[in-house]
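At position 23 of the sequence shown the residue is numbered 69 (my numbering), and the sequence of numbers has no breaks.
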Amino acid sequence: MNTTFNTLLSQVKENPLNWALIAVLAYIAKSYVQSSAPAKLEAKHPAVLLFKNYTPVDLLPFDGLHKEHDKRILMAVNGSVYDVTKGASFYGPEGPYANFAGHDASRGLAKHSFDKDMVADPAGPIDKLEDLTADEWEALREWEQHFATKYLLVGKLVENETEQR
Numbered sequence: 047m048n049t050t051f052n053t054l055l056s057q058v059k060e061n062p063l064n065w066a067l068i069a070v071l072a073y074i075a076k077s078y079v080q081s082s083a084p085a086k087l088e089a090k091h092p093a094v095l096l097f098k099n100y101t102p103v104d105l106l107p108f109d110g111l112h113k114e115h116d117k118r119i120l121m122a123v124n125g126s127v128y129d130v131t132k133g134a135s136f137y138g139p140e141g142p143y144a145n146f147a148g149h150d151a152s153r154g155l156a157k158h159s160f161d162k163d164m165v166a167d168p169a170g171p172i173d174k175l176e177d178l179t180a181d182e183w184e185a186l187r188e189w190e191q192h193f194a195t196k197y198l199l200v201g202k203l204v205e206n207e208t209e210q211r
């Protein structure tokens, strides 16, 4: 036994590569011994949005700014309402499409315009998009396909309720 230990010791002394190997093994052993148990994260279910009908006025608070709605961002495209919260860097308050958050974005997307006048007045009727050209309708359908594949469909856009007199 003593000769095996002496042989091993002499090989370590003679070859510098063995010193490097011992240093790596010592580091791994130290890291393993000192590692702590993984932090326990509380499981939290994300807020659930039920599929429902939204009027243009109902969409307004879902612009990413309102804490009472968990800063959710909803956007309507061609009559469908999508939860685009996971795309907040695009549709949130600082994003390039921010003016569409909480609104019907159909006209602006069809015309590839981010101008504020592309968003219809939420208190008025839903924009019927009757004046769009064939190319603009095609662009809108492409945007709608993009939203349908990337974001959760949470509702349908319906007209504001009118008061009966």
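The beta carbon of each residue, even a glycine, is placed where N, CA and C say it ideally should be.
- Helix, strand or coil: which one does DSSP assign to D150? Here the question's residue 150 lines up with position 104 in the sequence shown. Of the three classes helix, strand and coil, the one that applies to D150 here is strand, per DSSP.
- Among all the DSSP beta bridges, which residues are the ones paired with V127? Start at 1 with the first residue of the sequence shown, and residue 127 comes out as number 81. V127 is bridged to A122, G201.
- Message: Report the start-end ranges of each alpha helix (DSSP H) in the segment 132 to 194 that is 4 residues or longer and not cut off at the edges.
- Response: 134 to 137, 152 to 156
- Nearest candidate by alpha-carbon position, reference N145, set T131, V165, A156: Looking up residue 145 in the sequence shown gives position 99. When only C-alpha atoms are compared, the closest one is V165.
- Query: Is Y128 buried or exposed, if buried means 16 or more other CB atoms sit within 10 Å of its CB?
  - Reply: Taking the sequence shown and counting its residues from 1, the one referred to as residue 128 is at position 82. Buried, by the Cβ-count rule.
- Item | Extent of the continuous beta strand (DSSP E) run through K98 | Looking up residue 98 in the sequence shown gives position 52. It spans 98 to 100 - the beta strand (DSSP E) in which K98 sits, taken as one unbroken run.
- Message: Going by DSSP, what residue range makes up the alpha helix (DSSP H) through K86?
- Response: Here residue 86 is taken as the residue at index 40 of the sequence shown, counted from 1. Premise fails: K86 is in no alpha helix (DSSP H) and is neither H nor E.
- Query: Between T179 and L87, what straight-line distance do the alpha-carbon atoms span, to the nearest angstrom?
  - Reply: In the sequence shown, the residue the question calls residue 179 occupies position 133. In the sequence shown, the residue the question calls residue 87 occupies position 41. Distance between the alpha carbons of T179 and L87: 52 Å.
- Item | Inter-residue Cα distance where the pair is D116 and V103 | On the sequence shown, residue 116 is found 70 positions in, with the first residue counted as 1. On the sequence shown, residue 103 is found 57 positions in, with the first residue counted as 1. Distance between the alpha carbons of D116 and V103: 18 Å.
- Task: Measuring alpha carbon to alpha carbon, tell me which of F97, N124, Q80, T101 ends up nearest G170.
- Result: Taking the sequence shown and counting its residues from 1, the one referred to as residue 170 is at position 124. Of the candidates F97, N124, Q80, T101, the one whose C-alpha sits nearest the C-alpha of G170 is T101.
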